[in-house]
Every structure is written in C-alpha cells, then in structure tokens.
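In full-length UniProt numbering, the protein residues as written are 1 to 572.
In what follows, a single structure is set out as structure tokens and then discussed.
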Amino acid sequence: MQSYRRKKIGTILIERGALAADQLPVVLDKLTTSKLRFGEICIQEGLISDDDLAHALAEQFNLEYVDLASFKPDEELLNSLPPDALYRFRFVPLEMTEDFMVVAVADPTDVVKLDELELLFDRPLQLRIAAESAVAILAKAGEGTRRVLREVSEDFMLQLVKETDRGEEVLSVESISEDTSPIIKLVNSTILDALNRRASDIHIETGHDGVEIKYRIDGVLYRANDPIDLHFQGPIISRLKVMSELDISERRIPQDGRFKIRFSEKSIDFRVSIMPSALGEDAVIRILDKESIASDMKGLSLENLGVCEREIKRLRRKIREPYGMVLVTGPTGSGKTTTLYAALTEIHTGEDKIITIEDPVEYMLRGVLQIPVNEKKGLTFAKGLRSILRHDPDKIMVGEIRDSETAQIAVQSALTGHLVFTTVHANNAFDVIGRFIHMGIDPYNFVSCLNCVMAQRLVRRVCMKCRRPVRYTDDELREARVDPECTRDAVLYEAVGCEECSGTGYRGRTAIVELLEFNDEIRDLIIARVPATQLKQAAHAAGVVFLREAAVEKLLAGETTLKEVNRVTFVE
C-alpha cells in the first residue's frame with residue numbers, strides 16, 4: 001500500500017516564489033526555539049503575507065482558496081448562528097445546505113475546533129482556505145451585526161448619566177443581558193449598533209407596516225432592520241422620553257430633550273426630538289460622539305476636512321485678519337461648525353482670548369472658553385454674546401445666528417475690532433446677504449464687517465476598495481453640465497458596495513466650498529441691492545468657484561461619483 005506524504009509548507013512557499021530559499025534556514029532555526037509554527041514565524045518575520053500562507057495551505061491540503069475581500073456574508077445565515085460562534089471558532093460561513101456546511105478558515109489543522117463546528121451545525125464541513133486577516137475582519141464584522149448587539153453580553157455597560165448642578169449623577173447602569181427588559185435591550189442595542197456603524201442620527205419612524213429604525217450614515221439614511229411590530233412603538237418612545245427626562249403622558253405636541261451615556265470610558269451626548277404623527281410618535285436621536293469626531297478629524301485641520309488647496313489658501317488669509325466677520329453657511333449637517341473649529345485651531349496661539357458660545361458645545365478646545373447655550377435658564381445666543389463682549393475677547397465664535405438681535409450684536413462686534421466666526425443657514429454664499437438684510441441689518445454695516453462668506457456641503461467619498469471605473473456619454477455629461485473635454489484624461493468612478501463600506505459604495509465624506517471674498521465692486525453691488533444674478537456674475541469674474549464646480553473637481557479627481565455630485569449640488 002502506497003503511503004501519501006503531504007508536501008512541506010516551506011517547500012510550497014519556495015516553489016510559489018513567496019519565500020526565498022536562503023531564508024529557509026533562518027525560519028528553521030527559529031522553529032526550534034519558538035512555539036510558533038513555520039508559517040506563523042514567516043509572517044512574524046515579515047517574509048510572507050498571510051495571503052501567501054493561505055495559498056500555500058490550500059495547495060498543501062488540496063483545498064480551494066477563497067478571496068474574502070469582496071465577500072458579503074448572508075445576513076440570514078449569520079442570524080441562525082450562536083452570537084459568539086464566529087469569534088470563538090474563527091471561521092466565515094459561506095453556504096449552508098441540508099447535507100453540508102461550507103466554511104472559510106485560516107487554519108485547516110485545528111481539528112478540535114473543526115469537530116466542534118461540525119457538532120454545532122450537525123452536518124459535515126466543506127473547508128475553504130482564506131487569509132487569516134480576512135477571516136478576522138469578517139468575524140469582527142459579523143460580531144458587530146444587530147443580532148449580536150441584541151444578544152451579547154454583560155460587558156456592554158451603558159451608564160445613563162444625569163447632569164446636575166453638582167456635576168454628573170449616574171441614573172442607571174444597564175447591560176444587554178437576559179434580565180433586561182426587551183424594550184431597554186432594544187434601545188440600548190440600537191444605540192450601540194448606530195455607534196458601531198458611524199451613524200450621526202437614529203430615526204425611529206412609525207409606518208403602517210410597523211416601526212422602522214434607520215441610521216443616517218455619511219448624510220444618507222439606511223434601514224437598520226426589518227420593521228418591528230407596531231405595539232412596540234409606544235414603549236420605545238416612552239423609554240426615550242424617560243432617558244431624556246420628557247413628559248411621557250404628552251403625546252400631542254413635539255418635545256425636545258437630551259441624555260448622556262457613558263460607554264467604554266467615554267461620554268456620548270444624544271439630542272432627542274419627539275414628533276407626533278398620524279400613526280403615533282416618531283423620534284430622531286442626534287449622536288454627538290465628541291471623542292470619535294475629534295479623533296476622526298486628526299486634530300481638526302482644514303486639509304483633513306477635504307477643502308481643496310486653492311480655497312484653503314484664500315480662507316487662511318481671511319481667518320488671520322485682526323477683525324471682521326467670517327461667515328460659514330450651509331444646511332444642517334454640512335460641517336459648518338467643524339470648519340469653524342478647524343479655523344480656530346489654526347489661529348489659536350495662546351496670545352489671544354478666544355470665547356465661543358454654542359448649542360451644544362460639540363468639541364472641547366484646549367485654552368478656549370466655551371459657553372453652552374441654556375435657554376431654560378435664559379442664556380440665549382444674544383444674551384451670552386453681550387456678556388462675552390464684557391469678558392475682553394479678541395476672537396469670538398457664535399455657533400449660529402438665528403435672530404436679528406444676535407445678528408446685530410455680531411455685526412457690531414466685528415465692526416468694533418473683534419474677529420467673529422459664525423454660521424447661518426442659507427443655500428449659498430449669496431443668499432446669506434439677503435438673509436441678513438431681511439433680519440434688519442444695514443447693508444453698509446454688513447459688507448463693511450464681512451471678511452468672507454463660505455458656503456459648504458459634504459459629498460460622500462467613493463469607497464476606494466470597491467469603486468469601479470465608469471464611462472459616460474458626452475450627452476450624459478452635458479446634461480449634468482460637465483464639460484466632456486475635462487473628462488478625457490480623468491478616470492470617473494461609480495459606487496459598487498463591499499464589506500468595507502457596509503454595501504453602500506461610499507466611506508466618509510469630504511467638503512466642497514464656495515468662498516466669496518469681498519472686493520469694492522461686490523460691496524458696491526450689495527449696497528445697491530442688485531439682483532443675485534448680477535452679484536454671481538461679478539463674483540465669478542473675481543475668481544469665485546461655485547459649489548457645483550467644486551463638486552465636479554472632486555469627481556474628476558476620482559474622490560466621488562456623478563450620482564453623488566447630482567445629489568448634493570444642482571445645475572444653476
């Protein structure tokens with residue numbers, strides 16, 4: 001009877017060209033003193049990648065190699081597994097039939113774990129080999145799914161915190177465990193899942209089919225799960241009201257509240273808006289994860305926001321002027337406050353007194369006096385701004401101008417030698433002018449104090465891992481007001497969707513801006529109250545790049561897609 005001997009892994013790696021023959025003695029030498037195996041030593045020493053090892057193991061055991069880079073696990077199959085199975089057994093389920101289970105593993109020699117898996121599934125296994133890092137990423141992603149967050153574990157401790165005059169007081173300590181009420185469990189797991197998926201808002205909507213939970217990720221809403229039975233709607237909203245200290249008996253008028261949760265040694269603020277609808281009540285929870293935002297922004301520089309180099313140079317000139325007003329405009333969630341923080345960070349040397357008044361304070365800046373608006377106690381933007389001016393500031397940031405009183409004080413402050421940073425809601429840089437004039441501000445005073453107006457939007461970045469080149473016809477480009485000649489030397493991309501970007505095709509956002517500087521001609525036109533069209537022509541002649549043009553620049557640079565450009569900006 002002929003015996004069968006497998007090729008040694010070292011021989012296969014050398015034959016495949018992954019390992020040099022002269023490196024073999026080094027690995028063998030370490031093998032005698034180390035508890036690691038041959039392939040593990042090679043990876044540790046940086047001689048091969050885990051992908052090289054996976055290919056070699058597949059050849060050694062005569063198994064199929066699978067590339068998990070673009071693999072998306074079957075949600076239904078994941079939901080059928082025990083919550084901790086992926087982590088415990090380090091595998092990725094590929095397919096399940098009545099007769100067998102197909103799984104991808106990094107180590108086909110771990111017989112004990114493979115036997116346990118067979119017992120768990122109650123059917124034979126068909127093995128595929130994949131790189132260990134790829135298996136680990138998918139196992140982690142599987143653990144982060146809604147299923148796990150609803151079922152696992154005592155370690156996820158959510159501490160609901162109440163802010164009192166004497167500091168913080170912990171109201172309750174809850175975990176996602178067996179003895180927690182199903183509603184508390186659902187709300188907690190939803191919050192955890194939203195944090196895990198980088199959501200900025202959680203929407204709880206009541207429809208005819210049930211209660212839908214959606215997350216806003218990178219500015220776009222995605223359904224979090226299948227609709228929940230309608231009879232849970234009341235308890236879910238009541239739970240949010242209890243957390244936000246709102247009136248649970250009042251169901252006919254809108255209510256606004258906030259709560260704070262301490263989780264994994266960091267505090268996260270949540271703003272809650274409850275709105276009555278024809279079918280019950282809906283809720284939107286805004287997540288203010290200050291620590292994550294600050295770390296994502298890597299120090300809050302203008303470059304990391306994605307503002308193009310041309311506009312950064314122009315903006316830096318304006319924010320370094322000794323007095324005047326720097327205005328940023330755009331819709332809610334367009335990154336206005338973040339841009340102002342980045343500007344403040346750049347000019348903060350410690351030699352000037354910088355004071356901010358915000359609702360709420362979103363980032364903590366070292367060495368800056370930050371005042372949160374508290375309308376219940378009578379501290380409004382206008383009142384706070386009056387007090388700030390008596391506190392000897394050099395630079396002031398007003399979170400938002402909402403009324404004529406705040407606008408009046410801000411303009412006076414800029415005229416009397418302070419540098420004022422502020423935001424206002426308007427569609428573009430030119431609409432701001434009409435907005436202030438409508439608030440009763442004298443056009444001459446307004447244009448005299450203004451350094452610049454910057455309109456801003458955020459466009460989603462196309463996922464670099466799964467983006468796909470695409471060609472458009474000249475007619476399609478002209479319809480979108482993109483010059484076909486400009487695209488000849490550029491590669492345009494479309495979104496596809498992979499595990500890395502949760503199937504959306506996009507990951508993260510980048511800023512596009514329209515920066516309007518004021519020369520004598522533009523100032524005279526504003527005082528003369530000419531139509532916006534004439535203003536835009538003068539601004540374009542002075543070198544202003546409009547929002548649409550800035551978005552097309554991002555498209556030509558391969559950072560976003562035509563679909564996203566059309567979603568965020570429009571052809572004028």
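Here a beta-carbon is modelled for each residue, glycine too, at the ideal position from N, C-alpha and C.
In this text, all values refer to a predicted model and were calculated from it rather than measured experimentally.
Query	Result
Given 8 Å, three or more beta-carbon pairs between the segment 507-521 and the segment 395-410	no
Straight-line Cα distance separating Val373 from Leu379	6 Å
C-beta atoms of Ile527 and Pro443 nearer than 7 Å	yes
Inter-residue spacing [alpha-carbon to alpha-carbon] between Leu344 and Gly367	11 Å
Cβ neighbour criterion (16 or more within 10 Å) applied to Phe546	buried
Exposed unless 16 or more other CB atoms sit within 10 angstroms - verdict on Leu119	exposed
For His208 and Asp99, the rounded distance between their alpha carbons	40 Å
Sheet register partners of Pro372 (DSSP bridge)	Glu358
Pairwise C-alpha distance: Leu315 and Glu303	12 Å
Residues sharing a beta bridge with Glu281, DSSP	Pro276
Euclidean distance between Cα positions of Asn451 and Gln370	23 Å
Close-in-space but distant-in-sequence residues of the same chain around Val552 (CB under 7 Å, 5 per side omitted)	Val482, Val565
Buried or exposed by the 16-neighbour rule on C-beta atoms within 10 Å, applied to Gln534	exposed
Cβ-based neighbour list, Lys465, same chain, cut-off 6 Å, excluding 5 preceding and 5 following	Cys498, Glu500
Cβ-based burial, Phe570 [other Cβ within 10 Å; buried from 16]	exposed
Alpha-carbon to alpha-carbon, Ser334 and His203	18 Å
Residue closest to Pro93, alpha-carbon to alpha-carbon, out of Glu15, Ala224, Thr109, Phe121	Phe121
Stretch pair the segment 487-494 + the segment 513-532: three plus CB contacts closer than 8 Å	no
Contact under 7 Å by Cβ, Thr561 with Glu494	yes
Burial state of Pro393, where buried means 16 or more other Cβ atoms lie within 10 Å	buried
Helix, strand or coil at Val326 [DSSP, three-state]	strand
CB contact below 7 Å: Ser189 versus chain C	In summary, chain C is missing from the structure at hand, where a single protein chain is found.
Host alpha helix (DSSP H) of Asn428 (start-end)	No alpha helix (DSSP H) contains Asn428, which DSSP labels as neither H nor E.
Unbroken alpha helix (DSSP H) run spanning Arg216, endpoints	Not the alpha helix (DSSP H): Arg216 falls in the beta strand (DSSP E), residues 210-217.
Environment of Leu28 [buried if 16+ CB atoms lie within 10 Å]	exposed
Inter-residue Cα distance where the pair is Ala429 and Asp352	29 Å
Residue environment, Arg390, which counts as buried when at least 16 other CB atoms sit within 10 Å	exposed
Residues bridged to Cys452 (per DSSP)	Val326, Glu517
Cβ-Cβ distance between Ile355 and Ile388 below 7 Å	yes
Burial state of Val432 (16 or more Cβ within 10 Å)	buried
Reduced DSSP secondary structure (H/G/I, E/B, other) of Gly440	coil
Cβ-Cβ separation, Phe91 to Val135 (assumed contact under 8 Å), whole Å	7 Å
Three-way DSSP call (helix, strand, coil) for Thr190 in this model	helix
Residue(s) in a DSSP beta bridge with Thr422	Leu327, Val398
Anticipated Cβ contact below 8 Å, Ala414 with Tyr341, distance rounded	So it is not a contact: roughly 19 Å between Cβ atoms.
Option in Arg252, Glu250, Gln255, Ile287 with minimal Cα separation from Ser267	Ile287
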